[in-house]
Amino acid sequence: GDLSKARAMYEEALKRDRSDRTARSALIGILAERREFGPAIELLQAMGPQHERDFQYYLTLAGAYYATEDFAKARESLLRVLDLYPGSTEARWHLAEVYRKMERPAQALEELERLLKVNPYHEPALMLLQDLSREQRYRDAARNAETRLEHARSSGGR
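Numbered by the working numbering, the letters in the sequence shown go through residues 172 to 329 in order.
Below you can see the structure in the form of structure tokens.
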């Protein structure tokens with residue numbers, strides 16, 4: 172349909188001028204919308220940041236890595252954003268999500284607390300904080316039950 176025509180148009184524009192950032196950005200958007208994240212990442216990397224402090228580039232790259240479940244690279248890109256723009260609540264939010272996916276709840280909680288210092292009313296962060304706290308409580312309760320079970324078994328049920 173229309174996305175295929177637009178894709179062909181932008182690909183043609185890039186054949187004429189590989190440095191056309193507008194065409195490259197539009198094509199990246201189309202690829203992402205079509206969930207073709209591998210080619211989108213390749214184009215992003217080839218394009219590179221517009222300037223030394225282009226945190227939006229790294230934020231976009233992090234989103235593409237997240238979509239492909241390459242959480243280590245998403246984390247790396249988000250840390251780069253935070254180096255450039257430490258007050259980015261968006262990057263902190265995504266980093267907390269990445270840590271959650273990486274099963275690193277302590278680091279996710281830490282990022283959420285940092286975000287909430289900047290914006291104490293950030294609803295998605297508060298909801299994730301609640302979820303992570305609940306999950307942690309269940310993990311702690313499960314470990315406690317497991318320890319008690321092992322003790323009961325080793326003591327012969329006495």
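Yeah, the Cβ is synthetic: ideal placement off N, Cα and C, and Gly gets one too.
From a predicted model like this one, the values you see are computed outputs, not experimental measurements.
Check whether residue i and residue j have beta carbons under 8 angstroms apart
i, j, result
"L249", "H265", "yes"
"P276", "E247", "no"
"Y292", "A279", "no"
"A235", "A197", "no"
Anticipated Cβ contact below 8 angstroms, residue i with residue j, distance rounded
i, j, result
"I201", "L174", "6 angstroms"
"V289", "T260", "6 angstroms"
Range covered by the alpha helix (DSSP H) that runs through residue i
i, result
"G209", "F208 to M218"
"V304", "It should be pointed out that residue 304 corresponds to Ser in this sequence rather than to Val. Counting along the chain, the alpha helix (DSSP H) containing S304 begins and ends at E294 to S325."
"H222", "Where H222 is concerned, there is no enclosing alpha helix (DSSP H), given that its DSSP letter is neither H nor E."
"S196", "R192 to E204"
"P276", "P276 to V289"
"M180", "D173 to R187"
"S248", "F242 to L255"
"T239", "Here T239 belongs to no alpha helix (DSSP H), and DSSP marks it neither H nor E."
Minimum C-alpha distance to residue i - residue among the options
i, options, result
"L230", "A245, M218, D241 and T239", "A245"
"I199", "M218, K186 and D188", "M218"
"A262", "V252, R192 and E182", "V252"
"M273", "A177, E207, H322 and L303", "L303"
"Q221", "R192, K186, R205 and L320", "R192"
"G209", "S325, L185 and T239", "T239"
"G172", "S190, R205 and A316", "R205"
Inter-residue spacing [alpha-carbon to alpha-carbon] between residue i and residue j
i, j, result
"A203", "R195", "12 angstroms"
"A313", "Y256", "39 angstroms"
"M298", "Y237", "20 angstroms"
"E170", "F242", "Missing from the structure shown is residue 170; the chain here goes from 172 to 329 and no further."
"A179", "Y228", "24 angstroms"
"Q301", "E294", "10 angstroms"
"A323", "A296", "40 angstroms"
"G258", "R224", "14 angstroms"
"E321", "R310", "16 angstroms"
"R308", "L185", "53 angstroms"
"A177", "E207", "15 angstroms"
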